[in-house]
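Working notes for the structure below.
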Amino acid sequence: MAMGQVFPGDHGCWRTEIQVKQSSEQHFRCISLTKSLWEALQMAGLSILTDPIFSDRCSPVQFMGPRRLVAAPKLDKSVLPKLDAVLLSHNHYDHLDVSTVTALHREYGDTVVWYVPLGLGAFFRSHSITQVREMSWWDSVAHEGSSARIVMTPAQHWSSRKVWDRRRSLWGGYAVISPDVRFWFAGDTGYCPAFREIGRELGPFDCSAIPVGAYEPRGFMQPQHVNPEEAVQIHQDVQSRQSIGIHCCTFHLTDEALDEPPRRLVEGVKAAGLEAGSFQAKWDEKAEHWIVNDLGKEGSNVNGWHWQEKNKLPWSKQRIDELVKGLSTQLDASIGSAEIKGVKDVTGEAYLTKRKKDKVFAVYDLTIVLRWTGVLVEDDRKVKGEVTIKEFSSIDPDEYAFEVSIERAEDAPATADHLKRGVQGLEQEVMRQLQQYVQELNASI
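Taken in order, the sequence shown gives residues 30 to 474; the numbers are from our numbering.
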C-alpha cells in the first residue's frame, strides 16, 4: 500500500497518529485532527474522510453556536492529492457541515463517493452531489475500483437538523474492510449491545475511531454519548487492536472540561488492564485554545450548548381548540351558515427549548386539522368537513397552507359548495387566533 502525504504537522491542533503495520510494504494510517470529527484514512489505496467539518462553528449559522477551539486544518489537493470517499455518520451539525461538504465537492468533484445513512440522499443531491450511496445498518457496498467494502454498523443515537425532522434519517458507524486491513468508525453513540455483535460479525479490527467526549451531564447525555470508560468497553467489544479517541477537544459542546476526555481515557485503559497506548487521544498543551480557565464549574462549559426541551404539543392542541371553537360565518339568508366545531388533531412538534445556558425560545411546526359543520337553509340539511392547516411553523410563519374539504353526500344540493367557500373565508380569523396561540406559547417561557 503506497502512502502519500496526508496532513501537515503544523496545523496548531492536537493530533493522534496510529500506524498499523501489515507487512514490510503495507500499512494503514489513521490520523485524528480537531474534534476528531474526522479521520483521514489511507488503506487499500483509498483516501477516506469521516464526518469532516472545517467551519468555525458547528451550527445552522456562523454567527452563533459552538465555536471551534482549535485551528481548522487545511485540506485541498496540495495536502491530500486525491479523495475517494467520505463516510457520514448522521446529520447533526457537528458531523454534517454544509460548508465543508460543498467545499470538498468543489475541490474533488464527482470522484468522491459519499456514503450516508438512509434518508440523507436527497440532502446531498440538493447540493448537486450525485455520487451518493444511502445505507442502512449492516448494508455492505463494494467500493468501486478497489478491494475494500464499506459496511454501515448500528449505533445508539438519533438524527435531527430541525425541530420537526427528528429521526427521519438514520445514524450509525462504518467498517472499512479490505483483504489486509479492517478499520471501524463508530460515529456518535451511547453504549449498547450492538458493539459485541459488530465485533463478532466484522472484527477484529486493526484500528477503530471511537468517541470519548461530550458526555456530561451524564443523566442527559448517557443514552447518546459514551464516556471514556464506556468507550474502552466498546474498544474491547469490537475487538480492536488499536483505537483513537474522537469527538472531543475541538468544539466544547457539554459540561466536562475540554481536556478531561483524554485524561480519563488514559485512566480507563489502565483500569481495564489494557496495554498503554492501545487506545489513546492526545492533548496538545502547546496548541492555542480559546477556553475559559480557572472558573471552576461555572467555566466548565464555555458554550453552554447542551439543551433541555419541554414538549408543548398536548397544551397546543387544547389551547388551539379553545381559540378556534365557535368561529362562524353567516352566508346569504337563502344559503345557510357554518361554524368551526373545534380541533380534530394537531400533529408535529411544539417545544420550549433551553439552549446557550439561559436562552429559551419556542419552536413549533404543526399540521392542524379542524372540524366544521354547516346548515343549508333550503332543506335544513347538515353539512360537515375539515380545515387542514399545513406547515404552520416558527421558521416560516407565513408559508402555511390553508385547505378546506367537505364531506358531500351524492344528493347534496350545489349550495353546499357555498358553505365550503364560506369556511374558506374564515382563514384570516382562524390565523389571527393561531397568532394568539403563538403569543401565549412564547409568553409561557
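Here a beta-carbon is modelled for each residue, glycine too, at the ideal position from N, C-alpha and C.
Are the CB atoms of residue i and residue j nearer to each other than 7 Å?
i	j	result
Ile-179	Val-170	yes
Gln-271	Ser-307	yes
Glu-245	Tyr-220	no
Thr-131	Gln-185	no
Glu-432	Thr-417	yes
Ser-189	Trp-200	no
Leu-455	Leu-356	yes
Ser-423	Val-392	yes
Asp-235	Arg-211	yes
Asp-113	Ser-155	no
Arg-225	Asp-168	no
Ser-165	Leu-147	yes
Leu-125	Leu-133	no
Lys-339	Leu-381	yes
Lys-373	Arg-400	yes
Would DSSP call residue i helix, strand or coil?
i	result
Gly-74	coil
Gln-457	helix
Phe-83	coil
Asp-374	strand
Ile-418	strand
Thr-182	strand
Gln-271	strand
Gly-451	helix
Leu-395	strand
Leu-463	helix
Lys-413	strand
Ala-204	strand
Glu-436	strand
Gly-242	coil
Tyr-380	strand
Cys-359	For clarity, residue 359 is Gln in the given sequence; the question names Cys instead. Strand.
Gln-251	coil
Ala-310	coil
Ile-263	helix
Thr-129	helix
Ser-169	strand
Ala-223	helix
Using alpha carbons as the reference points, say which of the options lies closest to residue i.
i	options	result
Glu-368	Ala-260, Glu-289, Gln-359	Gln-359
Ala-223	His-264, Gly-297, Lys-339	His-264
Gln-253	Gly-216, Leu-109, Ile-364, Val-392	Gly-216
Glu-407	His-119, Pro-426, Asp-425, His-447	His-447
Lys-413	Leu-109, Ala-305, Glu-136, Gly-371	Gly-371
Glu-435	Glu-428, Phe-421, Gln-453	Just to set this straight, residue 435 is Ile in the shown sequence, not Glu. Nearest of Glu-428, Phe-421, Gln-453 to Ile-435, Cα basis: Gln-453.
Gln-160	Tyr-137, Thr-182, Trp-167	Tyr-137
Phe-153	Trp-166, Asn-120, Lys-111	Asn-120
Ser-198	Glu-163, Asp-168, His-172	Glu-163
Tyr-144	Met-250, Asp-126, Gly-355, His-172	His-172
Thr-182	Val-404, Arg-196, Trp-213	Trp-213
Met-250	Leu-125, Leu-282, Arg-225	Leu-282
Trp-193	Gly-377, Gly-297, Ser-237	Gly-377
Leu-78	Arg-135, Val-142, Ser-107	Val-142
Gly-174	Met-460, Lys-411, Gly-74	Gly-74
Lys-449	Val-108, Lys-106, Ile-364	Ile-364
Arg-97	Lys-111, Leu-109, Phe-280, Glu-415	Phe-280
Leaving out five residues before and five after residue i in sequence, what residues of the same chain have Cβ atoms less than 8 Å from its Cβ?
i	result
Val-375	Leu-342, Ser-345, Lys-346, Ile-349, Leu-395, Thr-396, Ile-397, Val-398
Ser-53	Legend: pLDDT at Ser-53 = 34, less than 50; position of this residue unreliable, value from coordinates given subsequently. Nothing meets the Cβ criterion.
Tyr-466	Ser-345, Arg-348, Ile-349, Leu-352
Arg-247	Asn-256
Val-127	His-156
Asp-105	Glu-136
Leaving out five residues before and five after residue i in sequence, what residues of the same chain have Cβ atoms less than 6 Å from its Cβ?
i	result
Gly-274	Val-241, Leu-294, Ala-310
Gln-268	Gly-228, Gly-232, Pro-233
Lys-419	Thr-396, Ala-430
Pro-290	Val-241, Gly-242, Pro-257, Cys-277
Glu-285	Glu-245
Glu-458	Leu-356
Asp-425	none
Ala-379	Lys-341, Leu-342, Ser-345, Tyr-393
Asn-471	Ala-391
Lys-111	Ser-76
Ala-301	Val-261
Under 7 Å Cβ to Cβ from residue i, same chain only, skipping five residues before and after it: list those, please.
i	result
Thr-129	Pro-81, Ile-82, Phe-83, Ser-84
Gly-451	Thr-358, Leu-360, Ala-367
Asp-139	Thr-159, Gln-160
Val-298	Val-261, Ala-305, Ser-307, Phe-308
Ile-239	Ala-215, Ala-260, Ile-263, His-264, Ser-272, Gly-274, Ile-275
_Contact between the stretch 172-190 and the stretch 198-216 (3+ Cβ pairs under 8 Å)_ = yes
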